[in-house]
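Below: the structure, in structure tokens.
There are 2 protein chains.
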Amino acid sequence: MAYRKTEAVLKKQAMTRERIVRAATELVVDEGYAGCSMAGVARRAEVATGSIYQFFPSKGELFAEVFRTAVSREVVAASQAGAEKLTSSARASILAAVETFCTRAMRSPKMAYALIAEPVDPLVEAERLVFHQSFSDILASAIVAAIAAGEIPDQDAGITAAGIVGAISDVLVLPLSRGDTGEKVLPALLAFVGRALGRPD
Amino acid sequence: MAYRKTEAVLKKQAMTRERIVRAATELVVDEGYAGCSMAGVARRAEVATGSIYQFFPSKGELFAEVFRTAVSREVVAASQAGAEKLTSSARASILAAVETFCTRAMRSPKMAYALIAEPVDPLVEAERLVFHQSFSDILASAIVAAIAAGEIPDQDAGITAAGIVGAISDVLVLPLSRGDTGEKVLPALLAFVGRALGRPD
DNA sequence: GGAAGAATTGAACCTTGCTTCAGACCTACG
DNA sequence: CGTAGGTCTGAAGCAAGGTTCAATTCTTCC
Numbered sequence: 001m002a003y004r005k006t007e008a009v010l011k012k013q014a015m016t017r018e019r020i021v022r023a024a025t026e027l028v029v030d031e032g033y034a035g036c037s038m039a040g041v042a043r044r045a046e047v048a049t050g051s052i053y054q055f056f057p058s059k060g061e062l063f064a065e066v067f068r069t070a071v072s073r074e075v076v077a078a079s080q081a082g083a084e085k086l087t088s089s090a091r092a093s094i095l096a097a098v099e100t101f102c103t104r105a106m107r108s109p110k111m112a113y114a115l116i117a118e119p120v121d122p123l124v125e126a127e128r129l130v131f132h133q134s135f136s137d138i139l140a141s142a143i144v145a146a147i148a149a150g151e152i153p154d155q156d157a158g159i160t161a162a163g164i165v166g167a168i169s170d171v172l173v174l175p176l177s178r179g180d181t182g183e184k185v186l187p188a189l190l191a192f193v194g195r196a197l198g199r200p201d
Numbered sequence: 001m002a003y004r005k006t007e008a009v010l011k012k013q014a015m016t017r018e019r020i021v022r023a024a025t026e027l028v029v030d031e032g033y034a035g036c037s038m039a040g041v042a043r044r045a046e047v048a049t050g051s052i053y054q055f056f057p058s059k060g061e062l063f064a065e066v067f068r069t070a071v072s073r074e075v076v077a078a079s080q081a082g083a084e085k086l087t088s089s090a091r092a093s094i095l096a097a098v099e100t101f102c103t104r105a106m107r108s109p110k111m112a113y114a115l116i117a118e119p120v121d122p123l124v125e126a127e128r129l130v131f132h133q134s135f136s137d138i139l140a141s142a143i144v145a146a147i148a149a150g151e152i153p154d155q156d157a158g159i160t161a162a163g164i165v166g167a168i169s170d171v172l173v174l175p176l177s178r179g180d181t182g183e184k185v186l187p188a189l190l191a192f193v194g195r196a197l198g199r200p201d
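Respectively, the protein sequence lines represent chains A and B.
Mapping the first sequence onto UniProt numbering, position 198 (from 1) lands on 198, and the numbers just tick up by one.
Mapping the second sequence onto UniProt numbering, position 14 (from 1) lands on 14, and the numbers just tick up by one.
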């Protein structure tokens with residue numbers, strides 16, 4: 001046995017892997033999923049196409065990771081924003097989460113469009129479902145809290161949450177797919193969400 | 001000149017064309033867009049693969065027509081349902097349109113999923129946007145009427161309409177993608193839409 | 001330095017399914 | 001009938017892009 005992986009090699013590989021994920025992410029941010037090819041990722045990461053396959057078994061798996069990471073980033077940001085407002089009111093907390101999500105989406109429209117609505121392969125599609133679901137779950141628990149606090153009327157929290165996520169998606173999709181910032185829709189969207197939550201009877 | 005298209009030939013061709021569109025539509029209803037290949041359409045329509053290209057320049061164009069037809073059918077059904085309730089109240093009219101849409105969607109889940117959310121090619125994707133837009137437009141004008149009638153508070157009708165379409169989509173997507181009927185979500189969804197429209201102050 | 005073995009390269013390969021097209025078959029009309 | 005021209009067939013062609021792999025380069029350790 002004349003060769004054994006050393007610490008340095010492992011570290012270098014980890015960096016390469018990360019560079020690949022970063023390159024793929026940047027490609028989605030810049031061009032959308034449609035503009036992503038393995039060759040393109042390789043070029044941007046400065047590795048050979050074949051090298052990607054040392055770290056990921058397929059294109060689907062690579063981009064599933066890209067999406068998963070992006071999703072978790074967004075979910076954390078939104079739920080943090082919600083948590084910060086929790087002291088004032090449950091309503092405000094929900095609206096803050098929604099607003100944060102929208103603001104961030106408008107900052108990377110291509111990525112947001114990819115996460116929300118762009119056609120992608122099945123493996124990646126699954127991550128998108130996770131995204132809608134995760135975000136919906138955050139809202140749902142906030143909604144449950146708001147109901148308990150008597151701030152909004154009794155309702156099916158899961159449906160309301162899914163409805164809000166859907167409303168955000170559809171309202172943003174057109175602006176986002178154009179690369180437009182769609183800044184002016186935000187107030188109206190927040191008003192919509194506010195009404196959809198309802199007022200205590 | 002020893003040949004000139006006769007009435008009978010034209011008629012036969014029109015029938016063939018229609019058979020192709022019908023076969024393609026049935027395929028989407030049965031298998032979703034993912035299960036549609038040109039060979040499959042040809043088999044089902046009992047023509048040769050090549051014959052399809054006598055009527056449609058590409059797969060995208062064929063399915064764009066399939067989607068366009070399906071969309072207009074749904075839009076007509078929903079707006080009719082809305083119009084029928086218009087005498088009672090503008091609110092009721094909007095809710096009737098939404099309910100009709102959902103009920104019909106649940107009857108052909110694969111087609112509904114394809115129209116709402118399934119990954120498709122760009123040409124067909126455009127039709128999907130038209131779908132969301134058309135449905136949104138119907139709701140928007142009903143919403144404008146409701147505002148004018150003082151039944152709901154002043155609001156950006158376009159955003160509310162888009163929000164409602166999005167909410168419907170997202171609430172239905174999970175059930176639909178599973179082929180589930182999702183019957184129990186309808187009341188909660190209608191309640192959501194009702195709240196989102198708002199009550200006069 | 002050199003042998004053993006791992007990582008990396010990138011051009012060739014392969015798969016999938018849309019599209020084409022040369023030939024067979026019809027239809028119209030003299 | 002015959003011929004001119006259209007229509008239909010379905011297997012072959014082809015494009016795009018993901019994946020593979022023989023050759024090369026690098027890493028470890030004696």
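Virtual Cβ for every residue (Gly too), placed ideally from N, Cα, C.
Bear in mind that the values here come from a model prediction, so they are computed numbers and not experimental data.
Close-in-space but distant-in-sequence residues of the same chain around residue i (CB under 6 Å, 5 per side omitted)
i      : result
B/L115 : F131
A/L197 : I152
B/D121 : G60
A/K85  : A92, S93, A96
A/F67  : V124, E127
A/S51  : none
Element boundaries [alpha helix (DSSP H), containing residue i]
i                      : result
A/Q54                  : 49–55
residue 223 of chain A : With chain A covering 1 to 201 only, the question about residue 223 of chain A has no answer from this structure.
A/S141                 : 122–148
A/A8                   : 7–31
A/I164                 : 157–177
B/C102                 : 90–107
B/R195                 : 185–197
B/R43                  : 38–45
Distance CB(residue i)-CB(residue j) smaller than 8 Å
i      : j      : result
B/V28  : B/E65  : no
A/A161 : A/A90  : no
B/A97  : B/V173 : no
A/E26  : A/R43  : no
A/G182 : A/M106 : yes
B/R17  : B/F55  : yes
B/I147 : B/A140 : no
A/I159 : B/V185 : yes
A/L189 : A/C102 : yes
B/G32  : A/S169 : no
B/F63  : B/A24  : yes
A/P119 : B/E46  : no
Buried versus exposed call for residue i [16 or more other C-beta atoms within 10 Å across all chains shown]
i                      : result
A/S136                 : buried
A/T100                 : buried
B/A39                  : exposed
A/E127                 : buried
A/D201                 : exposed
A/A78                  : buried
A/Q13                  : exposed
B/G82                  : buried
residue 204 of chain A : There is no way to answer for residue 204 of chain A, as the model of chain A reaches only from 1 to 201.
A/A191                 : buried
A/K5                   : exposed
A/A48                  : exposed
A/A70                  : buried
A/Q80                  : exposed
Same chain, Cβ closer than 8 Å to residue i, five either side skipped, listed in chain order
i      : result
A/V75  : F131, S134, F135, I138
B/L129 : none
A/D30  : K110
A/L123 : S58, G60, E61, F63, A64
A/Y53  : none
A/D154 : I147
Same chain, Cβ closer than 7 Å to residue i, neighbours up to 5 away in sequence not counted
i      : result
A/G163 : A196
B/V144 : A157
A/V171 : V185, L189
B/S58  : none
A/R104 : E74, A77
Heavy atom of the ligand ZN within 7 Å of residue i beta-carbon
i      : result
B/F192 : Within the structure as shown, the ligand ZN is missing, as the structure has no ligands at all.
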